[in-house]
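Have a look at the structure below, then the notes.
2 protein chains.
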Amino acid sequence: MISSIAELISDRIGTMPAGERRAAQTLIANYPLIGLKTAAEFSAAAGVSSPTILRFVARLGFQNYPEFQSTLQDELAAQLQSPASRTLNPSSLGGSAVSPMLEATLDNMRETFRHLSDKQLADIVAKLADRRGKTYLIGGRFTDPLARYMAAHLAIVQPNVFHLAGQESIWRDRLIDMGKRDVLVIFDIRRYQDSLVRFAETAHQRGVQIVLFTDQWLSPIARFARHVIAGRTAVPSAWDSSAALFVVAETLIGAVTRQLEADSAKRIRELESLR
Amino acid sequence: MISSIAELISDRIGTMPAGERRAAQTLIANYPLIGLKTAAEFSAAAGVSSPTILRFVARLGFQNYPEFQSTLQDELAAQLQSPASRTLNPSSLGGSAVSPMLEATLDNMRETFRHLSDKQLADIVAKLADRRGKTYLIGGRFTDPLARYMAAHLAIVQPNVFHLAGQESIWRDRLIDMGKRDVLVIFDIRRYQDSLVRFAETAHQRGVQIVLFTDQWLSPIARFARHVIAGRTAVPSAWDSSAALFVVAETLIGAVTRQLEADSAKRIRELESLR
DNA sequence: GGAGCGCTGTATCGTATGTTACGTATTTTG
DNA sequence: CAAAATACGTAACATACGATACAGCGCTCC
Chain B
4 MISSIAELIS
14 DRIGTMPAGE
24 RRAAQTLIAN
34 YPLIGLKTAA
44 EFSAAAGVSS
54 PTILRFVARL
64 GFQNYPEFQS
74 TLQDELAAQL
84 QSPASRTLNP
94 SSLGGSAVSP
104 MLEATLDNMR
114 ETFRHLSDKQ
124 LADIVAKLAD
134 RRGKTYLIGG
144 RFTDPLARYM
154 AAHLAIVQPN
164 VFHLAGQESI
174 WRDRLIDMGK
184 RDVLVIFDIR
194 RYQDSLVRFA
204 ETAHQRGVQI
214 VLFTDQWLSP
224 IARFARHVIA
234 GRTAVPSAWD
244 SSAALFVVAE
254 TLIGAVTRQL
264 EADSAKRIRE
274 LESLR
Chain E
4 MISSIAELIS
14 DRIGTMPAGE
24 RRAAQTLIAN
34 YPLIGLKTAA
44 EFSAAAGVSS
54 PTILRFVARL
64 GFQNYPEFQS
74 TLQDELAAQL
84 QSPASRTLNP
94 SSLGGSAVSP
104 MLEATLDNMR
114 ETFRHLSDKQ
124 LADIVAKLAD
134 RRGKTYLIGG
144 RFTDPLARYM
154 AAHLAIVQPN
164 VFHLAGQESI
174 WRDRLIDMGK
184 RDVLVIFDIR
194 RYQDSLVRFA
204 ETAHQRGVQI
214 VLFTDQWLSP
224 IARFARHVIA
234 GRTAVPSAWD
244 SSAALFVVAE
254 TLIGAVTRQL
264 EADSAKRIRE
274 LESLR
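In order, the protein sequence lines correspond to chains B and E.
Using the numbering used here, you'd call the opening residue of the first sequence number 4 and step up by one each time.
Using the numbering used here, you'd call the opening residue of the second sequence number 4 and step up by one each time.
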């Protein structure tokens, strides 16, 4: 079973003529980056001519150079998305049944936060903590609980936080109260829901700022969103994982609370006395 | 000090017009691979035109698209050569506000799963997948969204899954339908809610098996529970974190789905056709 | 409400890139 | 040692890619 181009090469390098072998060796030595550059640059690095490079990729079974590059990119993409598979050898850890799921989830979180800058989060926190406008939250079929979770916390540290629940017609009607100063937090991962997209579009037209929690393939709502948080969702399960988005949500909740510390502390005391 | 293109983007994304911001977001979400493809493919993925992509890279300070791609490749090369440097976020070095939160959460998860045996999980899965009885789910003030999340998934792979929502009196009345073969999944972390404890006690008296998700200090409901999952909740925030429990929930969802694979696949197909 | 500015997409252009044909060099085999 | 076959590079070609000019549109600010 040959899965990567690197394996394919080492499998066939013996049957190659001298020039192509030099190409193969340079590619292996700088794998896979040389292969992503132009055929001319590749040929220069290998010290051969560009036609030799083309014959080389043809011998590997590719129709043309772009096809070869695409395959390399796909390979790279697969590597970059699951850091674990690359860093640790499979035999090193004890074979627990649950740990693949846990490991994947931990990777997803690290990866999600790696693509999330402090500045981006700070901007979102500032917007969520801005009390001149209202905050609305809504989610899709499986992610609506995340919207609820976030709403439950935010509603405690500040007024004017609303979770949009129930039937579509109900929350569509709420659009009438939304305007420029307001924020709409939407959770939407595959398979993206049309109803949410329509809702987001209308809200956007009304000038509402949208904060979108989605997966790495980006919900179509990203079109209308002011801020996009792309979480990794891939786990060894029949379902996608929302855990990374959940942690981002908790991080934001914590940051908003700290931001509003003075006010929220007072508010929380008041709430306590109401019980 | 800006070292990577990703940082550069998050630094300037605030000043970008809508179209270029979409480009920026898609690049961040699929970093950095989309940027290595052609401008046309990039533009299609971002849902904008190719000139917008070119204006985007120009705004980042590049003379032309190839120069932008070369920089991305160099960055990738540096990463691939020292795998260690990739795993840590550059911002985690200089006192970032978010990464303590992430680190604590990751620790919580590892710690939570360390105290969770495969056998314990397998028992719970077996019980949840047992279709002779009904499954009820409920949670506390902040954890009810977790109950909803779990219910939303379980209800798809098997019948007779119910989330108990609304006012206390409503779900108390549902006790009448609960019996020995049924399972009640409860989420309860500090501060533990009296209403839930009373509910759990009554259910227990009726012979209902209780699966409890709680924190490491154990809700009083643990007294009545057949299975207890104790998650770590401590994070540097004003709030406790439910993320570890969330991941356990997802793990169970995945395991139950696999357990019921044959039946659930058929069921899911049926559901699809109902849309 | 009107004028100005800035953003974005369409269409066109030039060019860099991959591709192919061909001739020479090199190796292999009878 | 000779002849043939294979490999390799040079040069011409075509395509597809990035760049640019321009027009339409929405937005903001008087």
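For every residue, glycine included, the Cβ atom is placed at its ideal position computed from N, Cα and C.
Residue j beta carbon less than 8 angstroms from that of residue i
i: B:Q123; j: B:H230; result: yes
i: E:D191; j: E:L215; result: yes
i: E:P35; j: E:E70; result: no
i: B:T29; j: B:I37; result: yes
i: E:L199; j: E:I189; result: yes
i: B:L263; j: B:A132; result: yes
i: E:V128; j: E:L248; result: no
i: E:V259; j: E:L157; result: yes
i: E:A154; j: E:V164; result: yes
i: E:F227; j: E:E253; result: no
i: B:L11; j: B:L63; result: yes
i: B:V160; j: B:S267; result: yes
i: E:K183; j: E:G143; result: no
i: B:F59; j: B:A9; result: no
i: B:R193; j: B:D243; result: yes
i: E:Y152; j: B:F65; result: no
i: B:R272; j: E:A241; result: no
i: B:S53; j: B:A43; result: yes
Any chain B beta carbon closer than 8 angstroms to residue i
i: E:Y152; result: yes
i: E:D14; result: yes
i: E:E204; result: no
i: E:W242; result: yes
i: E:A155; result: yes
i: E:G50; result: yes
i: E:P162; result: no
i: E:Q76; result: yes
i: E:T29; result: yes
i: E:I56; result: no
i: E:T260; result: yes
As assigned by DSSP and simplified to three states, the class of residue i
i: E:H230; result: strand
i: B:F202; result: helix
i: E:L167; result: coil
i: B:L140; result: strand
i: B:V186; result: strand
i: B:Y288; result: What is shown of chain B runs 4 to 278, which leaves residue 288 of chain B out entirely.
i: B:T55; result: helix
i: E:R177; result: helix
i: E:A116; result: For clarity, residue 116 of chain E is Phe in the given sequence; the question names Ala instead. Helix, per DSSP.
i: B:L39; result: helix
i: B:M104; result: helix
i: B:G257; result: helix
i: B:L157; result: helix
i: E:T146; result: coil
i: B:A246; result: helix
i: B:A241; result: coil
i: B:Y34; result: coil
i: E:F65; result: coil
i: E:Q196; result: coil
i: B:P162; result: coil
i: B:R135; result: coil
Identified DSSP bridge partners for residue i
i: E:T217; result: E:D191, E:A233
i: B:Y212; result: The residue asked about is misnamed: residue 212 of chain B is Gln in this sequence, not Tyr. B:Q212 is bridged to B:V186.
Presumed contact (8 angstroms Cβ cut-off) between residue i and residue j, rounded CB distance
i: E:V250; j: B:A246; result: 5 angstroms
i: B:I56; j: B:F45; result: 5 angstroms
i: E:T115; j: E:G22; result: Contact flag wrong, Cβ pair sits at about 44 angstroms.
i: E:W174; j: E:I224; result: Rounded, the Cβ-Cβ distance is 15 angstroms, inconsistent with contact.
i: E:L109; j: B:L109; result: 6 angstroms
Contact with chain E by residue i, beta-carbon distance below 8 angstroms
i: B:E253; result: yes
i: B:L199; result: no
i: B:T18; result: no
i: B:L91; result: Any reading at B:L91 must be qualified, since the residue scores a pLDDT of 40, below 50, and its modelled position is unreliable; the value itself is stated next. Taking Cβ atoms only, chain E never reaches closer than 8 angstroms to B:L91, which makes this a no.
i: B:K122; result: yes
i: B:T108; result: yes
i: B:D126; result: yes
i: B:D266; result: no
i: B:F65; result: no
i: B:F116; result: yes
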